[in-house]
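**Student:** Just dropping this structure here.
There are 6 protein chains.
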Amino acid sequence: MKILLINPNTTEAMTRDIEAQARRYAGPGSEVEAISPRWGPASIEGHLEDELAAVATLEAVAERSGDYDAVVIACYGDPGLYAAREVSPVPVVGIAEASMLMACMVAHRFSVVTVLPRIRPLIEDVVARYGMTGRCASVRATSLAVLDIENDPDAAEREITAEAARAIADDGAEAICLGCAGMGPLDRRVQETLGVPVIDGVAAAVKLLEALHGYGLSTSRVAAFKQPEPKELTGEADVLRAFRAVSASQRLSRV
Amino acid sequence: MKILLINPNTTEAMTRDIEAQARRYAGPGSEVEAISPRWGPASIEGHLEDELAAVATLEAVAERSGDYDAVVIACYGDPGLYAAREVSPVPVVGIAEASMLMACMVAHRFSVVTVLPRIRPLIEDVVARYGMTGRCASVRATSLAVLDIENDPDAAEREITAEAARAIADDGAEAICLGCAGMGPLDRRVQETLGVPVIDGVAAAVKLLEALHGYGLSTSRVAAFKQPEPKELTGEADVLRAFRAVSASQRLSRV
Amino acid sequence: MKILLINPNTTEAMTRDIEAQARRYAGPGSEVEAISPRWGPASIEGHLEDELAAVATLEAVAERSGDYDAVVIACYGDPGLYAAREVSPVPVVGIAEASMLMACMVAHRFSVVTVLPRIRPLIEDVVARYGMTGRCASVRATSLAVLDIENDPDAAEREITAEAARAIADDGAEAICLGCAGMGPLDRRVQETLGVPVIDGVAAAVKLLEALHGYGLSTSRVAAFKQPEPKELTGEADVLRAFRAVSASQRLSRV
Amino acid sequence: MKILLINPNTTEAMTRDIEAQARRYAGPGSEVEAISPRWGPASIEGHLEDELAAVATLEAVAERSGDYDAVVIACYGDPGLYAAREVSPVPVVGIAEASMLMACMVAHRFSVVTVLPRIRPLIEDVVARYGMTGRCASVRATSLAVLDIENDPDAAEREITAEAARAIADDGAEAICLGCAGMGPLDRRVQETLGVPVIDGVAAAVKLLEALHGYGLSTSRVAAFKQPEPKELTGEADVLRAFRAVSASQRLSRV
Amino acid sequence: MKILLINPNTTEAMTRDIEAQARRYAGPGSEVEAISPRWGPASIEGHLEDELAAVATLEAVAERSGDYDAVVIACYGDPGLYAAREVSPVPVVGIAEASMLMACMVAHRFSVVTVLPRIRPLIEDVVARYGMTGRCASVRATSLAVLDIENDPDAAEREITAEAARAIADDGAEAICLGCAGMGPLDRRVQETLGVPVIDGVAAAVKLLEALHGYGLSTSRVAAFKQPEPKELTGEADVLRAFRAVSASQRLSRV
Amino acid sequence: MKILLINPNTTEAMTRDIEAQARRYAGPGSEVEAISPRWGPASIEGHLEDELAAVATLEAVAERSGDYDAVVIACYGDPGLYAAREVSPVPVVGIAEASMLMACMVAHRFSVVTVLPRIRPLIEDVVARYGMTGRCASVRATSLAVLDIENDPDAAEREITAEAARAIADDGAEAICLGCAGMGPLDRRVQETLGVPVIDGVAAAVKLLEALHGYGLSTSRVAAFKQPEPKELTGEADVLRAFRAVSASQRLSRV
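Residue numbers (this note's numbering), protein chains in the order written: chain A, 59 to 313; chain B, 59 to 313; chain C, 59 to 313; chain D, 59 to 313; chain E, 59 to 313; chain F, 59 to 313.
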């Protein structure tokens with residue numbers, strides 16, 4: 059199967075690292091291609107950046123998901139996930155969602171260890187939206203900005219490990235979800251130190267999409283994720299181009 | 059005070075109607091100006107449209123909120139609300155939030171009556187995000203598209219009233235939140251028929267912003283709604299222009 | 059509009075301070091008159107005192123609310139609030155409710171900082187009754203009795219600020235609700251020290267009632283807050299006089 | 059043991075019926091005396107009446123609980139329960155609480171069948187306050203006023219049974235809590251018709267107090283139910299007499 | 059009444075101690091006989107042991123409950139409780155359930171103090187299954203294995219008391235449920251030190267079963283606890299013998 | 059990878075059908091072997107049968123899981139799942155859990171359609187235990203016994219489809235989880251009729267275990283699923299043999 063991995067953070071080096079991480083775990087029949095949207099924030103550490111990245115990601119989904127069997131959105135706020143399900147003809151999974159679903163199979167409760175404190179409320183809302191509040195022991199922040207991880211992985215690993223250890227000792231966490239796509243490549247090293255499952259959402263999403271694909275399931279279209287109706291899009295913003303194309307193709311496909 | 063009312067639906071006639079509705083209820087010292095974003099969907103009836111509208115709305119917030127004392131986001135999914143709080147120097151309220159907070163003061167439980175069934179899961183998520191699930195008797199859909207309300211208000215009123223009556227009789231609702239900005243101008247007529255409070259989020263938001271302003275409260279900046287950091291924005295999408303300006307002004311304002 | 063502010067604590071000096079606080083924030087068209095019930099506990103720090111104060115407050119509501127456009131119940135347990143909604147022909151808001159609804163518009167999560175530890179369970183129940191448990195980061199007690207605040211506001215301010223700072227640092231609070239009417243006048247001083255919104259329920263209630271009034275909403279009468287039926291009241295307790303009068307006037311108004 | 063059963067409804071015939079019901083189930087070593095407060099509403103069907111009855115009940119608790127080993131509050135809103143725990147030297151149980159705790163031992167989910175629809179929100183709040191929302195399949199109202207049950211028990215039985223049957227068939231109820239003290243004497247007849255446990259809170263409370271007494275447990279005094287502090291009670295309302303006496307005796311008992 | 063107390067832990071000395079504890083609190087008309095199942099783990103400190111003990115306990119229930127008026131399952135995970143309700147012709151109560159229901163009548167929130175940390179998630183699930191999460195301040199573990207309590211009760215008492223004191227000071231607990239049948243005999247000593255209600259589930263269960271029995275209530279049979287259908291049991295495992303007998307007797311009793 | 063699929067229902071024909079279903083979806087590198095325990099109920103439709111099956115299943119896990127890379131427990135109550143995680147050296151997934159996790163990726167809310175009404179409370183508890191209550195639109199029963207599905211799949215399909223259609227129309231379900239292993243082979247036929255994802259837990263579990271395996275995750279051992287301690291097992295029940303062996307091997311492996 060062909061998996062399109064979209065890193066909503068537009069930092070090319072990070073995208074390449076995530077791609078390598080995804081390919082490390084991809085099954086024999088899976089090809090992963092990682093891209094960043096054509097535009098958007100270099101890194102995502104708040105609601106504004108999450109919203110911008112959502113639309114940039116959706117543009118990529120609209121343009122390219124038709125050539126793949128599945129899509130991963132690789133940023134821990136899962137920006138644009140539900141809209142992507144509407145737009146994409148193939149299944150879409152977010153890495154926050156994927157890491158938590160995976161954690162549910164190996165732990166009674168998990169914690170998320172993420173970047174800066176300002177992102178914690180956003181991630182707590184994501185946890186709640188998926189109904190995972192009761193399974194989540196805590197969301198713990200660090201002092202790391204997203205791009206700090208790229209720049210000094212060893213320091214990042216030390217800080218993530220320390221915070222995760224506190225989640226295990228104080229909050230009752232039994233597994234750790236790495237709360238940023240950039241942390242993914244550290245999964246095994248942190249896991250070896252901690253001795254509990256450490257889950258990167260990118261790897262988790264690839265494996266879960268293989269699972270969905272293998273079972274032949276795809277997004278339900280009866281309510282929340284119904285395909286958008288063809289609709290007038292006002293204005294000349296270049297961001298609308300992709301969505302106009304979607305709308306047009308839908309109109310045709312209904313004939 | 060000066061209130062900027064942004065109708066994320068880019069249908070000018072609807073924006074004018076919402077403006078009239080807002081001005082109907084605005085206090086003596088309040089001026090309301092209603093705009094739609096420069097681009098975006100003519101109406102919002104799903105996640106994709108909500109996401110596009112969020113960014114278009116945020117662009118308007120970034121460009122213009124500095125000239126006002128408060129901002130209303132006038133679409134019942136409250137698109138971009140939390141990001142708008144980060145971006146705007148002044149308080150921002152969404153109409154879903156506003157209608158529910160207002161309902162809490164006059165009813166034990168309220169129901170939301172909204173447009174097409176496909177939007178119901180999105181609105182249920184909004185209700186849950188604000189912690190209002192226990193106060194919300196039900197979210198009920200109708201067969202109305204957003205623009206149907208504009209086009210045939212009498213038919214819309216009949217259908218809204220019928221569905222609201224079912225919410226009162228069957229679900230225990232004691233007040234009705236009108237789940238679409240376009241329904242707002244019908245508030246009094248529906249209320250007279252039903253005999254329970256019927257709340258338009260636009261009117262509610264104007265009054266609540268006057269309340270916030272009168273008390274002198276503004277958005278907390280310590281965590282969820284911290285101002286975005288100046289950040290590299292990749293790409294040439296015209297949508298980024300407004301946000302680049304924000305970023306630049308922030309950098310300056312820190313000197 | 060005319061607002062009746064009832065301080066269920068029967069300490070006159072406190073009532074005057076609360077009145078001053080309410081008038082400080084009242085809009086140009088609003089007049090606030092503050093009273094205490096004719097009888098009841100000097101201060102409210104437990105369930106018994108809350109129950110006594112509720113009935114004394116309801117007596118005042120029954121006797122006087124007809125001469126006003128709205129009523130505030132100014133004690134953080136919101137004693138008698140739901141019954142007051144049944145009795146009063148005009149909207150009634152409690153200060154706990156008001157402070158929390160206001161906090162929801164400026165913060166992702168708030169904490170309540172209140173008086174003695176024994177009152178914490180009562181306030182946690184109030185938070186839960188309004189469905190605010192998910193929005194409330196913590197309810198934190200101090201060593202302050204209600205009347206200590208009156209007596210030594212500087213010491214009170216120091217202790218409230220210290221406890222609030224812990225709520226922000228340890229619990230993730232982004233705004234502080236002052237959990238006692240007597241703390242209200244300290245709102246701005248605590249806010250300046252902490253740098254997050256600090257919300258006095260008295261000020262919040264005045265502004266929210268102005269909002270309700272401006273929109274023209276009043277209490278729903280279909281279920282929870284239906285007007286009491288005329289009913290036989292047994293016994294000669296003087297407390298019943300006011301309620302007998304209510305009952306009689308209702309009987310007449312039905313003819 | 060000696061049990062004081064307080065019927066907050068001041069209808070003597072009802073109090074006698076409840077006393078007979080309580081004695082029917084009281085154990086060999088238990089004596090039950092039922093009283094109504096000296097004053098208060100003839101029946102309780104809303105928040106105002108619940109608040110009045112709470113204070114009248116608390117007066118009785120303050121005056122008389124010292125002569126008994128335990129107290130039952132026999133009205134399904136459990137008026138004044140938490141305050142009664144503060145005031146009474148002996149354990150206090152409400153009939154709503156008692157019926158639900160009992161139901162938890164014989165059913166996976168129970169429903170409450172109660173009087174008029176207007177009381178349903180109040181009872182739903184009671185269910186929630188005790189944490190029983192997840193165990194409660196539904197709260198169902200009838201067209202019965204409290205005193206209708208006294209006046210025509212056969213008609214009451216038919217209506218209660220019909221509504222309970224719907225709770226079993228449609229809501230998944232496996233036991234029925236009778237949501238009004240006046241319904242108690244019908245417990246066995248309804249149970250025989252329905253074939254599921256039907257629980258009267260009065261009988262349940264008597265048995266649970268015998269259980270508490272037999273184990274030697276009494277109310278925790280460290281937080282929520284701490285004894286009221288001696289406190290100045292303003293005014294000449296006769297309702298204060300009993301509480302002044304409590305306050306005085308506490309002051310003495312501290313010497 | 060005759061109460062069968064089954065200690066799922068097959069340690070005879072412990073069973074005798076529990077029996078003594080139960081008899082200490084049993085009412086004048088109650089006889090308690092305590093047994094352990096014929097087989098199973100010496101002590102229960104995890105899910106596997108809980109599952110084994112459940113079936114061994116159910117075997118005892120199937121064989122012997124017909125000779126008693128009620129059954130207690132005396133292990134804090136309440137192993138096999140819901141199945142025992144299906145099998146037993148008489149009411150069955152588990153000690154976790156019993157201690158929590160009892161705590162609800164004397165405390166606003168309780169904590170459970172239990173044995174080893176590994177059992178905490180299991181007990182948190184039990185708390186949640188009964189809907190008690192909102193009433194439970196915390197589940198706190200100690201370093202004690204089940205049989206350590208038997209072997210050195212003084213050391214156990216010290217550790218339980220210390221952990222319970224932390225629950226009261228830090229978590230807001232107002233009563234303590236002893237989270238292991240073996241801790242029961244320490245109830246009064248711990249209570250004297252702490253000054254809050256300390257509840258042993260064994261004593262609580264005996265008293266609650268006397269309450270159920272006195273009221274004449276028994277398990278609802280309409281859904282969750284419907285009697286098992288006669289059913290083919292495959293295989294020659296000796297554990298099946300008791301259940302085959304149940305099945306046979308049911309078949310007969312239907313003729 | 060080698061997957062051991064244990065059908066806790068000891069009906070050989072059913073086990074063969076489940077095996078065929080699992081193999082239908084197993085990936086190229088996966089081998090599935092399906093077994094039933096050596097003993098236990100022919101079908102599982104209540105708590106007693108669930109408990110018996112749990113231990114019989116655990117016996118099989120103890121004896122055989124060491125020869126496989128992963129284990130599926132194929133009965134919709136997930137009998138013995140948490141204990142199996144303690145015992146098994148390799149990951150274990152239950153089909154209820156698997157179907158719900160899978161549903162979360164393709165639907166906003168799902169319903170479970172299961173066998174007889176008596177099993178509904180058990181399944182609702184399973185849904186709650188996994189934190190899925192907010193994602194689950196409803197659990198709907200049919201009139202089908204487990205073995206009816208085997209015996210007349212066409213009739214079963216009709217009834218399942220009808221009930222699922224009601225879940226979609228009335229409860230807001232967007233995907234259907236088949237609430238019995240025996241229903242699995244009907245997944246595609248029901249899905250074609252309904253037009254929403256229809257998920258068999260057996261297929262889902264196989265795919266999710268391949269995902270876990272591909273990522274290299276295994277059960278966390280720090281708390282809930284810690285390996286059982288070597289422990290004295292009292293009695294001569296043959297069921298203990300397998301567990302004695304586990305205990306012995308653990309003791310050795312610690313040397």
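Note that the Cβ used here is the ideal one computed from N, Cα and C, for glycine as well.
(1) Which stretch, first to last residue, makes up the beta strand (DSSP E) that contains B/S196?
(2) In whole angstroms, what separates the C-alpha of C/S94 from that of A/R198?
(3) Drop a sphere of 10 angstroms on the beta-carbon of C/R176, count the other beta-carbons inside from all chains shown, and report buried for 16 or more, exposed for fewer.
(4) Residues of chain F with CB closer than 7 Å to the CB of A/L244, please, in chain order.
(5) Give me the chain D residues within the contact set of C/S157, using Cβ-Cβ distance strictly less than 8 Å, ordered along the chain.
(6) In chain B, which residues lie with their C-beta within 8 Å of the C-beta of A/K284?
(7) What is the DSSP secondary structure of E/G138, counted as helix, strand or coil?
(8) Is it buried or exposed, E/S146, if we count other Cβ atoms within 10 angstroms and call 16 or more buried?
(9) Short of 9 Å Cβ to Cβ, which residues in the stretch 208–238 of chain E face chain C?
(10) Determine the direct distance from the alpha carbon of B/S169 to that of B/L110, and round the result to whole angstroms.
(11) Can you find at least 3 beta carbon pairs, one from the stretch 174–192 of chain D and one from the stretch 208–227 of chain D, that sit closer than 8 Å?
(12) Between the stretch 267–280 of chain D and the stretch 97–105 of chain C, are three or more C-beta pairs nearer than 8 Å?
(13) I'd like the ranges of any alpha helix (DSSP H) spanning at least 4 consecutive residues and lying wholly in the stretch 164–219 of chain A.
(14) Could you work out which residues of chain A lie near B/S101, taking near to mean beta carbons separated by less than 9 Å?
(15) Look at the Cβ atom of F/V171, then the Cβ atom of F/A118, and state whether they are nearer than 8 Å.
(16) Indicate whether the contact test is met: 3 or more Cβ pairs, each with one atom in the stretch 287–305 of chain C and one in the stretch 287–307 of chain B, closer than 8 Å.
(17) Who are the Cβ neighbours of C/A80 in its own chain at under 6 Å, not counting the five residues just before and after it?
(18) Determine the chain A residues that contact E/P179 at a beta-carbon separation under 9 Å, and present them in chain order.
(19) Can you tell me whether DSSP reads A/D245 as helix, strand or coil?
(20) Which of the three DSSP states, helix, strand or coil, is assigned to B/C238?
(21) Which chain F residues sit within Cβ distance under 8 Å of E/A112?
(22) Could you tell me which residues DSSP pairs with B/G152 in its beta bridges?
(23) Against C/R193, what residues of chain B qualify as contacts under a CB-to-CB distance less than 7 Å, listed in chain order?
(24) Of the residues that make up the stretch 261–279 of chain C, which ones have a beta carbon closer than 7 Å to any beta carbon in chain B?
(25) Would you decide whether C/S123 is buried or exposed? Buried here means 16 or more other CB atoms lie within 10 Å of its CB.
(26) From F/A300 to F/L291, what does the alpha carbon distance come to, in whole angstroms?
(27) Got a sec, what are the start and stop residues for the beta strand (DSSP E) C/V256 sits in?
(28) Taking contact to mean at least 3 C-beta pairs separated by less than 8 Å, is the stretch 131–140 of chain A in contact with the stretch 66–83 of chain A?
(29) Helix, strand or coil, according to DSSP, for F/I61 in the structure here?
(30) Under 8 Å between the Cβ atoms of B/E232 and B/V254?
(31) My output table needs one value for E/L291: the three-state DSSP class, helix, strand or coil.
(32) Tell me the DSSP secondary structure of C/G85 in three-state form.
**Tutor:** Once the coordinates are examined:
(1) C194 to R198
(2) 47 Å
(3) buried
(4) Within chain F, no residue comes near A/L244; the closest Cβ sits about 15 Å away, beyond 7 Å.
(5) Near C/S157 there are no residues of chain D at all, since even the closest Cβ is about 20 Å away, more than 8 Å.
(6) G104 and R176
(7) coil
(8) buried
(9) G230 and E232
(10) 27 Å
(11) no
(12) no
(13) 178–187 and 204–209
(14) K289 and E290
(15) no
(16) no
(17) L63, V90, V260 and V264
(18) H166, R167, G230 and E232
(19) helix
(20) coil
(21) E109, A112 and V113
(22) B/I131
(23) G189
(24) A261, A262, K265, L266, E268, A269, L270, G272, Y273, L275, S276, T277 and S278
(25) buried
(26) 11 Å
(27) V256 to D258
(28) yes
(29) strand
(30) yes
(31) strand
(32) coil
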